[in-house]
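Visitor:
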Amino acid sequence: MPYCTTPEVALTPAEIERLNGLPGAAHEVKPVMECELEDQHAGLHMALAQAQDRAHDDVTNWWLTWGDGVRRVTHEPTCRFEVETDAAFYCLLPVEHDRAHSDGERWIARVSSAPPARRSDRD
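According to my numbering, the sequence shown is numbered sequentially starting from 29.
(1) Does Q68 pass the burial test, meaning 16 or more other C-beta atoms within 10 Å, or should it be called exposed?
(2) Taking 8 angstroms as the limit between beta carbons, can you name the residues of its chain near D131, skipping five residues before and five after?
(3) CA-CA distance, W94 and A53?
(4) Determine the extent of the alpha helix (DSSP H) in which R46 is found, giving its start and end residues.
(5) Can you give, in chain order, each stretch of the beta strand (DSSP E) that sits fully within the segment 51-92 and has at least 3 residues?
(6) Contact check, E56 vs N48 under 8 angstroms by CB: the rounded distance?
(7) Kindly list the residues whose CB is nearer than 8 angstroms to the CB of E110, restricted to its own chain and excluding five residues on each side of it in sequence; keep chain order.
(8) Applying the criterion that 16 or more other CB atoms from any shown protein chain within 10 Å of the CB defines a buried residue, is E64 buried or exposed?
(9) Does P35 come out as helix, strand or coil in the three-state DSSP assignment?
(10) Residues in the same chain with beta-carbon distance under 8 angstroms from R82, minus the five sequence neighbours each way, listed in chain order, please.
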């Protein structure tokens, strides 16, 4: 499953300074972001801008969200979808993401949560 093909977006110097200055910042912020959602997703584009280590197993993820005249940096809880296979899979996207789950390397399609069609709906 391919990533979203929207053009890259640059962080502003102020956004970079703010994200790099967070206590417990996990990495140096990249100046250019790419959408990390699956291609053809609905809604806004999202890219992980910074992770903030707070305590053992407590991380705050800061996401750049943009599109349709909206641009913001917000912290979002992680999806928490996981599958135990030969290599454990943990979705690293925000909890309300659209389309497939991703751990940054692999994709797992979402299963529809829609209720089954009633007999009268199929006739």
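A virtual CB, placed ideally from N, CA and C, is assigned to each residue, including glycine. Quick caveat: nothing in here was measured; it's all calculated off a predicted structure.
Guide: Concretely, from the data shown:
(1) The residue given as residue 68 occupies position 40 in the sequence shown. The Cβ neighbour count for Q68, taken over all protein chains shown within 10 Å, is under 16; the residue is labelled exposed.
(2) Taking the first residue of the sequence shown as position 1, residue 131 is located at position 103. Hits under 8 angstroms: F117, Y118, C119 and L120.
(3) If you number the sequence shown from 1, residue 94 lands on position 66. If you number the sequence shown from 1, residue 53 lands on position 25. W94 and A53: Cα-Cα distance of roughly 22 angstroms.
(4) In the sequence shown, residue 46 corresponds to position 18, counting from 1. Taken as a continuous stretch (DSSP letters only), the alpha helix (DSSP H) holding R46 covers P41 to N48.
(5) 73-83, all fully within the segment 51-92.
(6) Taking the first residue of the sequence shown as 1, we reach residue 56 at position 28. Taking the first residue of the sequence shown as 1, we reach residue 48 at position 20. Going by Cβ atoms, the distance from E56 to N48 rounds to 7 angstroms, so yes, they are a contact pair.
(7) Against the sequence shown, residue 110 aligns to sequence position 82. Same-chain partners within the cutoff: A116, F117, Y118 and C119.
(8) Counted from its first residue, the sequence shown places residue 64 at position 36. By the beta-carbon neighbour count (other beta carbons within 10 angstroms, threshold 16), E64 is buried.
(9) Numbered from 1 along the sequence shown, position 7 holds the residue referred to as residue 35. Correct three-state label for P35: coil.
(10) Within the sequence shown, numbered from 1, the residue matching residue 82 stands at position 54. The answer, listed in chain order, is G52 and T88.
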